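K.L.:
Be aware that the sequence shown starts at 1, since it is given in the working numbering, and climbs by one per residue. First the structure, then my questions, so here it is.
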Amino acid sequence: MPFNPRAIKALLIDLSGTLHIGKELTPRAAEAVGRLRSAGVPFIFCSNSTKESEARLLRTLASLGLPAAPGELLTSLGACRLYVESHGLRPYLLTSPEAAEEFAHLPTSGAHDAVVVGLYPPAFSYDRLNTAFRVLKREPLYADAETPRDVAPARELSDPTPAPSGTATPTAPVLVAPHLSAFQQNGATEAFPAGLSLGVGAYVRALASAASVEPVVVGKPSRSFFELALGRLGETHGVELDPTEVLIVGDDAVNDLGAGAVELGLKRVLVRTGKYRPGSEDTAPPPDAVYDSFADLVDAILA
Numbered sequence: 001m002p003f004n005p006r007a008i009k010a011l012l013i014d015l016s017g018t019l020h021i022g023k024e025l026t027p028r029a030a031e032a033v034g035r036l037r038s039a040g041v042p043f044i045f046c047s048n049s050t051k052e053s054e055a056r057l058l059r060t061l062a063s064l065g066l067p068a069a070p071g072e073l074l075t076s077l078g079a080c081r082l083y084v085e086s087h088g089l090r091p092y093l094l095t096s097p098e099a100a101e102e103f104a105h106l107p108t109s110g111a112h113d114a115v116v117v118g119l120y121p122p123a124f125s126y127d128r129l130n131t132a133f134r135v136l137k138r139e140p141l142y143a144d145a146e147t148p149r150d151v152a153p154a155r156e157l158s159d160p161t162p163a164p165s166g167t168a169t170p171t172a173p174v175l176v177a178p179h180l181s182a183f184q185q186n187g188a189t190e191a192f193p194a195g196l197s198l199g200v201g202a203y204v205r206a207l208a209s210a211a212s213v214e215p216v217v218v219g220k221p222s223r224s225f226f227e228l229a230l231g232r233l234g235e236t237h238g239v240e241l242d243p244t245e246v247l248i249v250g251d252d253a254v255n256d257l258g259a260g261a262v263e264l265g266l267k268r269v270l271v272r273t274g275k276y277r278p279g280s281e282d283t284a285p286p287p288d289a290v291y292d293s294f295a296d297l298v299d300a301i302l303a
């Protein structure tokens, strides 16, 4: 069936690469978001960013001219927090201090039984990565430890609330991954010009390989993340929609529009901004549509 943009009743909107690249907005992005608000089209910003807490990201968005209420944002870092919280885990955080704020109310010291990885290059020293590896392998962390007292023993971890869809209650230290994207589009920095750069997925896969574990992926494109996003749409905007009436838009056909979105039947639109490169749409299944920018998609929805 041909894609009909005017049949879309709500949007899940990727941020980095779709609405902005670093501190620069994509063409007409702020105007397009404003037009959706004026037209009463509900949306949730859905980001795989792990650089900062959701509270900080809201402030960053406001500074870019994209103000949003807390209920209009869901991040993969927030999904990591929800997973850790719901399973009663005590995580070792490979994140920035700004991202660690997301877990401020949770115990993160003592015997660790989980590792959470975010994109923060200073955290990826040998010692920090080795600490994460040792947590996953239940090896001692301190030289004076007669027993691995600083690592959780093998046991059935507490499970006060149901696990997200598609996951089971962990029985061993768990590697919690926001996503598996190996690279991302970055703006210019002091070290590099604008272009593709390593993403958090590269470090997650390295730890998973070394520790012989399968990461639990809770951000895009997992089904559990999109189920959380659909629930957030209902909570924030008071709408109950069939997934086929909801559109996910992003610049990464695999990590924004992939497996979970396909399973749920969400409409999937790729934009030619951010990390998009010619041929990015050549996936199985392909996106429902490809637009030059987010603003062009909004033009079609509101036409």
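C-beta: ideal position from N, C-alpha, C; glycine also. Every value quoted in this text rests on a predicted model; they were computed, and no experiment measured them.
Please work out which residues of its chain come closer than 7 Å, Cβ to Cβ, to Leu257, disregarding the five sequence neighbours upstream and downstream, and give them in chain order.
P.N.:
Pro221, Ile248, Gly250, Arg268, Leu270, Pro287, listed in sequence order.
K.L.:
Rounded to a whole number of angstroms, what is the C-alpha to C-alpha distance between Pro204 and Asn186?
P.N.:
Per the sequence shown, residue 204 should be read as Val rather than Pro. When rounded, the distance between both Cα atoms is 19 Å.
K.L.:
Can you tell me which of Thr283, Asp242, Tyr276, Ala172 puts its alpha carbon nearest to the alpha carbon of Leu264?
P.N.:
Measuring from the Cα of Leu264, the nearest candidate turns out to be Asp242.
K.L.:
Could you pull out every residue in the same chain whose Cβ sits closer than 7 Å to the Cβ of Glu234, ignoring the five residues on either side in sequence?
P.N.:
The amino acid occupying residue 234 in the given sequence is Gly; Glu does not appear at that position. Cβ within range, chain order: Glu240.
K.L.:
Report the three-state DSSP secondary structure of Glu24 (helix, strand or coil).
P.N.:
In the structure shown, Glu24 sits in a strand (DSSP, three-state: E or B).
K.L.:
What are the boundary residues of the alpha helix (DSSP H) that includes Leu94?
P.N.:
Where Leu94 is concerned, there is no enclosing alpha helix (DSSP H), although the beta strand (DSSP E) it sits in stretches over 91 to 94.
K.L.:
How would you call Asp14, buried or exposed, if buried means at least 16 neighbouring beta carbons within 10 angstroms?
P.N.:
By the neighbour-count rule (16 or more Cβ atoms within 10 Å), Asp14 is buried.
K.L.:
Would you mind stating whether Asn48 and Asn255 have Cβ atoms separated by less than 9 Å?
P.N.:
Against a cut-off of 9 Å, the Cβ pair of Asn255 and Asn48 comes out as a contact.
K.L.:
For Tyr126 and Ala55, what's the separation of their Cα atoms in angstroms?
P.N.:
About 30 Å.
K.L.:
For Leu58, which residues of its own chain have a beta-carbon under 7 Å away from its beta-carbon, when the five flanking residues on both sides are left out?
P.N.:
Ala68, Pro70, Leu73, listed in sequence order.
K.L.:
Which word fits Lys51, buried or exposed, when buried means at least 16 other C-beta atoms lie within 10 angstroms of its C-beta?
P.N.:
Buried, because 16 or more other Cβ atoms sit within 10 Å of the Cβ of Lys51.
K.L.:
With a threshold of 8 Å, establish whether the CB of Asp14 neighbours any heavy atom of the ligand MN.
P.N.:
With respect to small molecules bound, the structure shown includes none, and the ligand MN cannot be examined in it.
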